[in-house]
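Residue numbers (my numbering): 285 to 697. Here is the structure we will look at.
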Ligand SMILES: [Fe+2]
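Right under this line is the structure:
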């Protein structure tokens, strides 16, 4: 038998791989500017995610990043020329470059707004009644909206019948990302009274030293948003401050304070993926609705479409490692399935992020996706054996194995 060279022995490899021996140490260590942000900006801290039982209970800290208001009322910002709601493409471009976001006035007409708002509210209530709502620390998300109403299809493709400002949005996004950008998701983000503010974060978590964004977000205000109802928290200009610090391998230093974005319903806010932002606090009894439509450079995905192309028998015998490597482990930011996988790290075998059972159900011919729901849905519609129920139940149970292909027949716990 041929002896395997010692250079390939895992123990030998590990012994040769002390931190100081590894390449790109500095670059990897500096990839996360949040460590530097937190060090120099103690008022920016992470709000721990809450369990459903703790939903809406949290400690408000005076002086924290979320203890703020809109730019026009903020002592620090009120004399600055922050982004304005406008349809002037030159102004929108300069707001994106300088502040990392812009506000397109009336991108949806009043009728277009009410169509989307009605559909989101009905769907959100339907999902609550069906026991499949995704609660978030801020309220509720409606995931995978493309399956849940024609208006959502139009939002993703900027169809002027759904988004009258579609052509202007497309032009700006193309200038930011280059041609042939793709959508990473369309989610309705509903902020409810008593919710927890989201930690400030950057959506783009790769190539943060880049001179232009690789991801952007199209936020459509479906209700008016402001400092009272959870208007998105942003630190204007932070996209440039953070990427410059990363590029120069310098500490981020003291950042200016966050503000709540204010916008009328129908305004589309485009944010640079490098901008520090988070969901604000809704102090009103009315839901605050923003459609989050992330767009990204088309190379941020796999070359081979393993989700569709892998043969069922290969999938059935695949190790947890092979599944993870082919992308069947969701991460918080990537390849969730109908929202399953939010909060997951993408680690091998992590039950919270395992998505292969959706494919198994598909192969077995019984993948039942969540579609349009509404408050008047029948008991049969509300108790339908959505595959999502079984996958979530399995993840909650700690990932005990279940027979292949029965995901669609499992009931919600
Ligand atoms: Fe975000």
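The beta carbon of each residue, even a glycine, is placed where N, CA and C say it ideally should be.
- Secondary structure note for residue 296: its alpha helix (DSSP H) is the uninterrupted segment 294 to 299.
- Cβ contact annotation for residue 440 (same chain, cutoff 7 Å, sequence separation greater than five): 430, 467, 470 and 577, in chain order.
- The region 544 to 589 is shown to contain whole beta strand (DSSP E) runs of 3 or more residues at 552 to 556 and 572 to 580, in chain order.
- Straight-line spacing of the CA atoms in residue 535 and residue 561 works out to 19 Å.
- Residue 389 and residue 551 do touch by the CB rule: their CB atoms are close to 6 Å apart, below 8 Å.
- In the structure shown, the three-state DSSP call for residue 426 is strand.
- A buried status is given to residue 510, since no fewer than 16 other beta-carbon atoms sit within 10 Å of its beta-carbon.
- Counting of Cβ neighbours within 10 angstroms places residue 517 among the buried residues, the total reaching 16 or more.
- Between ligand 1 and the CB of residue 487, the shortest heavy atom gap is smaller than 7 Å.
- Here DSSP, grouped into helix, strand and coil, assigns residue 307 to coil.
- Taking a 10 Å sphere around the C-beta of residue 564, we find 16 or more other C-beta atoms and assign the residue as buried.
- The C-alpha of residue 588 lies about 10 Å from the C-alpha of residue 594.
- Annotation: the region 437 to 507 contains the following complete segments of the alpha helix (DSSP H) (minimum length 4 residues), in chain order: 450 to 461.
- Taken through DSSP and simplified to helix, strand or coil, residue 539 comes out as coil.
- Cβ neighbours of residue 409 within its own chain (closer than 6 Å, five residues either side excluded): 659.
- In this structure, the C-beta of residue 561 approaches ligand 1 to less than 7 Å from one of its heavy atoms.
- In this structure, residue 574 and residue 473 form a Cβ contact; the two beta carbons are roughly 5 Å apart against a cut-off of 8 Å.
- Of 601, 642, 670 and 645, the smallest CA-CA separation from residue 654 is found for 670.
- Taking a C-beta distance under 8 Å as the contact criterion, residue 546 and residue 384 do not qualify as a contact pair.
- Checking the DSSP bridge columns, you'll see residue 629 partnered with 615.
- C-alpha of residue 305 to C-alpha of residue 331: approximately 36 Å in a straight line.
- Separation of the CB atoms of residue 611 and residue 619 is rounded to 6 Å, and the pair is thereby assigned contact status at 8 Å.
- With distances taken between CA atoms, residue 538 lies nearest to 522 out of 522, 344 and 434.
- Residue 605 and residue 515 have their alpha carbons spaced roughly 41 Å apart.
- Taking all protein chains in view, the Cβ of residue 350 is crowded by 16 or more other Cβ atoms within 10 Å, so the residue is classified as buried.
- Residue ranges of uninterrupted beta strand (DSSP E) with 3 or more members, entirely inside the region 346 to 414 and ordered along the chain, are 385 to 388.
- Residue 518 sits in a strand when the DSSP states are folded into three classes.
- Under the 10 Å beta carbon count, residue 328 is surrounded by 16 or more other beta carbons and is classified as buried.
- The region 662 to 677 makes contact with the region 398 to 416; the number of CB pairs closer than 8 Å reaches 3 or more.
- The straight-line gap separating the alpha-carbon atoms of residue 393 and residue 427 is approximately 24 Å.
- Excluding the 5 residues flanking it on each side, residue 526 has same chain C-beta neighbours closer than 8 Å at 317, 321, 486, 492, 536, 558 and 560, in chain order.
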